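Under my numbering, think of the first position of the sequence shown as 5, with each following residue one higher. Positions of the beta carbon are idealized from the N, C-alpha and C atoms, including for glycine. This structure is a prediction, so every number in the text was calculated from the model and none was measured. What follows is a short report on a single structure.
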Amino acid sequence: MLDSLDIKFRKLKILKEVTFLTFDSAESRDAAILKLNGHVWKGKNLDARIALGRADPLLKKRVPSQLEADSVPEKRLCNPEKVSPLSKEDAANRLRDNVTPLWRMPYDPDQLNEKRNFLLSALGSIRSKIVECDGKLERWLPKEGIEEDSTHSKTVCPLEEILKSPLLTKYRNKSEVTIGFDLNGNGPIVGFRFTKYRDGMTAVESFDKISILPDATCAVLESLQKFVCQESNLPQDSRLAVFDPVVQRGHWRQAMVRESRNNDRLLLVDIHPQQLNEDKLNMLADRLREWFSPGGQGEHAKLTSLYLSTRKRSSEAFDSSTTRLLFGKDHIVEKCCGLNFRISLSAFFQVNTLAAELLYQEIGKLANSAAGGHMQAPTLKLDSEDPDNHCNAPSPGGETVLLDVCCGTGTIALCLSKYFDRVIGIELVRSAVEDAKRNAASNGITNAQFFLGKAEDVLRDVIATLPSNSKVVAVVDPPRAGLHPTVIQSLRRCPRLDFVIFVSCNLEAAVNNFVNFARPTSNRTLGDPFIPRLAKAVDLFPQTRHVEAVIFLERLKAEDVPISLNVQTS
Numbered sequence: 005m006l007d008s009l010d011i012k013f014r015k016l017k018i019l020k021e022v023t024f025l026t027f028d029s030a031e032s033r034d035a036a037i038l039k040l041n042g043h044v045w046k047g048k049n050l051d052a053r054i055a056l057g058r059a060d061p062l063l064k065k066r067v068p069s070q071l072e073a074d075s076v077p078e079k080r081l082c083n084p085e086k087v088s089p090l091s092k093e094d095a096a097n098r099l100r101d102n103v104t105p106l107w108r109m110p111y112d113p114d115q116l117n118e119k120r121n122f123l124l125s126a127l128g129s130i131r132s133k134i135v136e137c138d139g140k141l142e143r144w145l146p147k148e149g150i151e152e153d154s155t156h157s158k159t160v161c162p163l164e165e166i167l168k169s170p171l172l173t174k175y176r177n178k179s180e181v182t183i184g185f186d187l188n189g190n191g192p193i194v195g196f197r198f199t200k201y202r203d204g205m206t207a208v209e210s211f212d213k214i215s216i217l218p219d220a221t222c223a224v225l226e227s228l229q230k231f232v233c234q235e236s237n238l239p240q241d242s243r244l245a246v247f248d249p250v251v252q253r254g255h256w257r258q259a260m261v262r263e264s265r266n267n268d269r270l271l272l273v274d275i276h277p278q279q280l281n282e283d284k285l286n287m288l289a290d291r292l293r294e295w296f297s298p299g300g301q302g303e304h305a306k307l308t309s310l311y312l313s314t315r316k317r318s319s320e321a322f323d324s325s326t327t328r329l330l331f332g333k334d335h336i337v338e339k340c341c342g343l344n345f346r347i348s349l350s351a352f353f354q355v356n357t358l359a360a361e362l363l364y365q366e367i368g369k370l371a372n373s374a375a376g377g378h379m380q381a382p383t384l385k386l387d388s389e390d391p392d393n394h395c396n397a398p399s400p401g402g403e404t405v406l407l408d409v410c411c412g413t414g415t416i417a418l419c420l421s422k423y424f425d426r427v428i429g430i431e432l433v434r435s436a437v438e439d440a441k442r443n444a445a446s447n448g449i450t451n452a453q454f455f456l457g458k459a460e461d462v463l464r465d466v467i468a469t470l471p472s473n474s475k476v477v478a479v480v481d482p483p484r485a486g487l488h489p490t491v492i493q494s495l496r497r498c499p500r501l502d503f504v505i506f507v508s509c510n511l512e513a514a515v516n517n518f519v520n521f522a523r524p525t526s527n528r529t530l531g532d533p534f535i536p537r538l539a540k541a542v543d544l545f546p547q548t549r550h551v552e553a554v555i556f557l558e559r560l561k562a563e564d565v566p567i568s569l570n571v572q573t574s
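In C-alpha cells form, the structure reads like this:
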C-alpha cells in the first residue's frame with residue numbers, strides 16, 4: 005500500500021494496533037499524512053497523525069534547524085490510539101484520575117484503607133529487608149501489635165490508625181501548574197498534565213477541575229489564565245508562545261501559587277527566556293505587574309507577592325540570577341500551632357497546614373516521651389487555641405534536646421520548642437535557615453538554634469557542645485527520596501542519641517534508610533543500630549495516594565539488649 009501511494013519513508017515499525025513511520029524531512033512526513041489520513045484500506049479508514057513521545061536528544065543535536073522549522077502539534081502521545089476525542093466531562097475525569105487518583109472513593113473508610121494497605125506493605129518490606137540484612141535482629145523487633153500486609157508479610161512494628169485530615173478538599177497551600185495546550189490543541193491552558201511528561205504526553209487540562217485547590221489559589225490561577233490568553237492576542241513581535249518541552253521552543257512554562265491563612269498570596273510565573281532581550285523581558289514584567297496590581301484587570305487575585313522567573317532549565321534554582329520580585333513581599337507568612345512562620349519562595353512547608361498541626365502533635369508525643377523519660381505526652385496548641393502558652397517543662401536529670409535534621413524553615417523544632425530545654429535545627433538551604441532564625445525571633449522563642457550545612461558535617465560538632473547528661477532525640481524529615489546514607493551514619497555515630505523519629509511522605513522509597521539504621525555494627529558501619537518500634541500516620545493528602553508516616557526508632561545497645569521504653573502515645 006505504501007508503495008502504491010508513493011510514500012517516501014525511512015523506517016517502518018508495525019505493531020498490532022498502530023504503525024509508526026519515520027521520515028527524512030517534515031515535508032515528506034506532511035505529504036504522507038495527506039495521502040494516508042482517511043485512505044480506505046481493507047475496508048477501514050486510516051487515521052494518520054504526528055506522534056512524538058520522548059524527544060530524541062541525538063536527533064535534536066543532528067537536525068536542530070529542522071526541528072525549529074517544524075510545526076509541532078500541541079499534543080504528543082506515545083500511543084496514538086489514546087488521542088480519540090474526549091468529552092469535557094471525560095477529559096476532566098481523566099485529569100482527576102491523574103492528579104487526585106482516589107477522588108472516586110469515599111474518604112472514610114475507602115481512601116484511608118487504601119493508604120493503610122500501602123503503609124502495611126512498606127512496613128512489611130522494611131521488616132523483610134532488615135531480617136535479610138541480619139537475621140539476629142528479628143528477635144528484637146516488636147512482637148505485639150504486628151499485622152500482615154496483602155502478601156501475608158509481617159510488619160516491622162505496630163501501625164496505629166491513620167489520623168484524618170481536617171480538610172478533605174481545598175487544602176493545598178502550594179500548587180504548581182503547567183501552561184500548555186489541551187487535547188484538542190486549544191490554548192494556552194493553565195492547569196495540569198494528564199500524565200507525567202515521561203509517559204509521552206504534554207496535553208494540559210484546566211486547574212478548575214481539581215478539588216484540592218483552595219478558592220484563593222483558584223482565583224489567582226483564573227486571573228493568570230486570563231492574562232496569558234490576552235498575551236496570545238498581542239502582535240507577533242510581542243507575543244510569547246507556549247513552551248514545547250519536546251523541542252525546547254516557546255516561553256510560557258509553569259506557575260506556582262503559595263497561600264496562607266494570613267491571607268498572603270504569592271504567584272511565581274516561570275517562562276523560558278529563549279532569545280528574548282532585556283527590553284522584552286522588562287516589558288513582560290511591566291505587563292504582569294500592571295495586570296495584578298490594585299486597579300489592574302487581575303486585581304481580584306489579591307496578590308501580596310508576584311515573581312517572574314526566566315530559567316532556561318527547570319532544574320535551575322529560583323535565585324537572584326533567574327528570578328525577580330515584581331511587587332510585594334519576598335515571602336508569605338503562615339500560622340501553624342499558634343506560631344507565625346515566614347516562608348520564602350522555595351522553602352519547604354507542609355502543603356496541608358491543618359493536618360500538619362496534627363502531624364507535629366504526634367511527633368511531639370513521641371519526642372517528649374523519649375527525651376523526658378516520662379509518659380506525659382504534649383498537646384500542642386493549635387491555631388484555634390491559645391498561642392501564648394509557651395511554658396517549658398524541663399525533665400529532671402538532664403537537659404532535654406530536640407535535634408531537627410533537615411529542618412527547613414524550623415517548623416517542627418519551633419512548634420515543639422516549648423516542650424524541650426533546647427531545640428536545634430540543621431538545614432542545607434541557606435534561605436530556609438535564615439527563615440528559621442527569623443521565625444524563632446518573631447515568635448519570641450529563645451531556646452532554638454539553627455545551623456547551615458550538611459547534616460553529616462554539622463551533627464558531630466553540634467552534639468559535642470551539649471552537656472554530657474543531655475537527653476537527645478532526633479527528628480528527621482527528609483525529602484521524598486529519603487535520607488542520604490552519610491546522614492544515617494552520622495546519626496548512628498552520636499552516642500548520646502538513643503531515639504530517632506523518621507518522618508516520610510513516601511515510606512516505600514525510604515525502605516533502605518531503615519535497613520541502614522538497623523544494619524549491624526562493622527568497620528564500615530559504626531555506631532549501634534536503630535530498630536523501628538512504632539508507626540503512626542497522618543493523612544496530609546486526601547484524594548491522593550500519599551500519606552505522611554512517622555516511624556519511632558530506638559537504638560540497640562552493644563550487648564544486644566534494647567532500651568526499655570514503653571512508648572505510649574495517648
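Thr199 and Asn102 do touch by the CB rule: their CB atoms are close to 6 angstroms apart, below 8 angstroms. Cβ neighbours of Gly402 within its own chain (closer than 8 angstroms, five residues either side excluded): Pro471, Asn473, Ser474 and Lys475. Runs of the beta strand (DSSP E) spanning 3 or more residues and lying entirely within the region 244 to 271 occur at 256 to 263, in chain order.
Ser526 and Asp532 have their C-alpha atoms spaced approximately 9 angstroms apart. In this structure, the beta-carbon distance from Arg426 to Asn443 does not fall below 8 angstroms. Counting along the chain, Leu310 sits inside the beta strand (DSSP E) bounded by residues Ser309 to Ser313. Each of Trp256, Thr155, Pro170 and Glu148 was checked against the Cα of Ile193, and the nearest Cα belongs to Trp256. Measuring C-alpha to C-alpha distances from Ser494 to each of Ala468, Met287, Ala514 and Ala485 identifies Ala468 as the nearest.
Here the region 329 to 348 makes contact with the region 292 to 304; the two share three or more CB pairs at distances below 8 angstroms. For the pair of segments examined, the region 146 to 160 was found not to touch the region 170 to 186: the number of CB pairs separated by less than 8 angstroms stays below three. Pro489 sits away from Asn510, with the two beta carbons spaced by 8 angstroms or more. If you draw a straight line from the Cα of Asn121 to the Cα of Ile367, it is about 22 angstroms long. Between Ala478 and Val462, the C-beta gap is not smaller than 8 angstroms, which leaves the two residues out of contact. Ranked by Cα distance from Ser242, the options Met287, Ala126, Arg346 and Lys39 are led by Met287. Glu558 has its alpha-carbon roughly 17 angstroms from the corresponding atom of Leu487.
Gly184 carries a strand assignment under DSSP once its states are collapsed to helix, strand and coil.
Within its own chain, the residues whose Cβ lies closer than 6 angstroms to the Cβ of Leu9, once the five positions on either side in sequence are excluded, are Lys39, listed in chain order.
Taking the Cβ atoms as the reference, Val337 lies roughly 5 angstroms from Asn266, within the contact range of under 8 angstroms. Residue range Glu282 to Phe296 is occupied by the alpha helix (DSSP H) that includes Lys284.
Rounded to the nearest whole angstrom, the CA to CA distance from Val232 to His335 is 24 angstroms. Between Pro546 and Lys12, the alpha-carbon positions lie close to 53 angstroms from each other. Short of 7 angstroms from the beta carbon of Val437, and not among the five residues preceding or following it, lie these beta carbons of its own chain, in chain order: Glu431, Phe454 and Leu456. In the DSSP assignment, Phe231 falls within the unbroken alpha helix (DSSP H) covering Asp219 to Glu235. Contact check between the region 354 to 362 and the region 168 to 175: three or more CB pairs, one atom from each, fall below 8 angstroms, which counts as touching. Exposure of Glu282 is indicated by the presence of fewer than 16 other C-beta atoms within 10 angstroms of its C-beta. Under the rule that a run must span 3 or more residues, the beta strand (DSSP E) segments found entirely inside the region 497 to 536 read 501 to 508. By the C-beta density criterion, Gly414 is buried, having at least 16 other C-beta atoms within 10 angstroms. About 7 angstroms separates the beta carbon of Arg262 from that of Ile347, a gap short enough to meet the 8 angstroms contact definition. In this chain, the beta strand (DSSP E) harbouring Ala452 covers Ala452 to Leu456.
Under the three-state reduction of DSSP output, Cys161 falls in the coil class, being neither helix nor strand. Taking a 10 Å sphere around the C-beta of Glu552, we find 16 or more other C-beta atoms and assign the residue as buried. Rounded to the nearest angstrom, the Cβ distance from Ile216 to Arg176 is 5 angstroms, consistent with a contact under 8 angstroms. Judged by DSSP secondary structure, Cys340 falls within the beta strand (DSSP E) whose first and last residues are His335 to Cys340. For Ile11, there is no enclosing beta strand (DSSP E), as DSSP gives it neither H nor E. By the C-beta density criterion, Ile134 is buried, having at least 16 other C-beta atoms within 10 angstroms.
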